[in-house]
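For what it's worth, my numbering labels the leading residue of the sequence shown as 743, then goes sequentially.
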Amino acid sequence: MEGTTLAKRVAVFPTTHQTLQAEKLLKGNGIKVRPVLKPRRIATECGMALEFDAAEEETIVRLCQERKLALVGIYPVEGS
743 MEGTTLAKRV AVFPTTHQTL QAEKLLKGNG IKVRPVLKPR RIATECGMAL
793 EFDAAEEETI VRLCQERKLA LVGIYPVEGS
């Protein structure tokens, strides 16, 4: 919808390797994700996260579970 901004979320994984695997998996399934710096408030070794539209959250969780990618969590993006 024109003039409407969708809420954004970030998916955080324990390692950069898993973040990159998830990016490839999600993009391969037609989900728009964007690598971003992980928010500082989230404690994990990996400094990256994947930003996406909140409407894709259930699909992302399902795909990651199917591929056994360990999600640290999904968090709202401040200001979205």
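C-beta: ideal position from N, C-alpha, C; glycine also.
Just so we're clear, the structure is a prediction, and the values are computed from it rather than from any experiment.
Taking the alpha carbon of Lys774 as the point to measure from, which residue in Arg809, Glu799 and Ala812 has its own alpha carbon closest?
-> Stepping through the sequence shown from its first residue, residue 774 is reached at position 32. Ranking Arg809, Glu799 and Ala812 by Cα distance to Lys774 puts Glu799 first.
Sorted by chain position, which residues of the same chain lie with C-beta nearer than 8 Å to Thr758's C-beta, five sequence neighbours on each side aside?
-> Within the sequence shown, residue 758 is the residue found at index 16, counting from 1. Once the five neighbours on either side are set aside, the close Cβ partners of Thr758 are Cys788, Gly789 and Met790.
CA-to-CA distance, Gln763 to Pro818, given in whole angstroms | As a position in the sequence shown, residue 818 is number 76, starting the count at 1. As a position in the sequence shown, residue 763 is number 21, starting the count at 1. Straight through space, the alpha carbons of Gln763 and Pro818 are spaced by roughly 21 Å.
Within the same chain, show all residues whose beta-carbon is closer than 8 Å to that of Leu779, passing over the 5 residues directly before and after it, in chain order.
-> Taking the first residue of the sequence shown as 1, we reach residue 779 at position 37. Within the same chain, and ignoring the five residues on either side of Leu779 in sequence, the residues whose Cβ sits closer than 8 Å to its Cβ are Gly789, Met790 and Ala791.
Sequence-distant residues of the same chain with beta carbon closer than 8 Å to Ile816, five excluded per side = In the sequence shown, the residue the question calls residue 816 occupies position 74. Closer than 8 Å at Cβ, skipping near neighbours: Arg751, Val752, Ala753, Val754, Glu799, Ile802 and Val803.
For Gly821 and Lys810, the rounded distance between their alpha carbons = Taking the first residue of the sequence shown as 1, we reach residue 810 at position 68. Taking the first residue of the sequence shown as 1, we reach residue 821 at position 79. Rounded to whole angstroms, Lys810 to Gly821 spans 31 Å at the Cα level.
Grab me the residues of Leu748's own chain with a C-beta within less than 7 Å of its C-beta, minus the 5 sequence neighbours each way, in chain order.
-> On the sequence shown, position 6 is the one that residue 748 refers to. Cβ within range, chain order: Asp795, Ala796 and Ala797.
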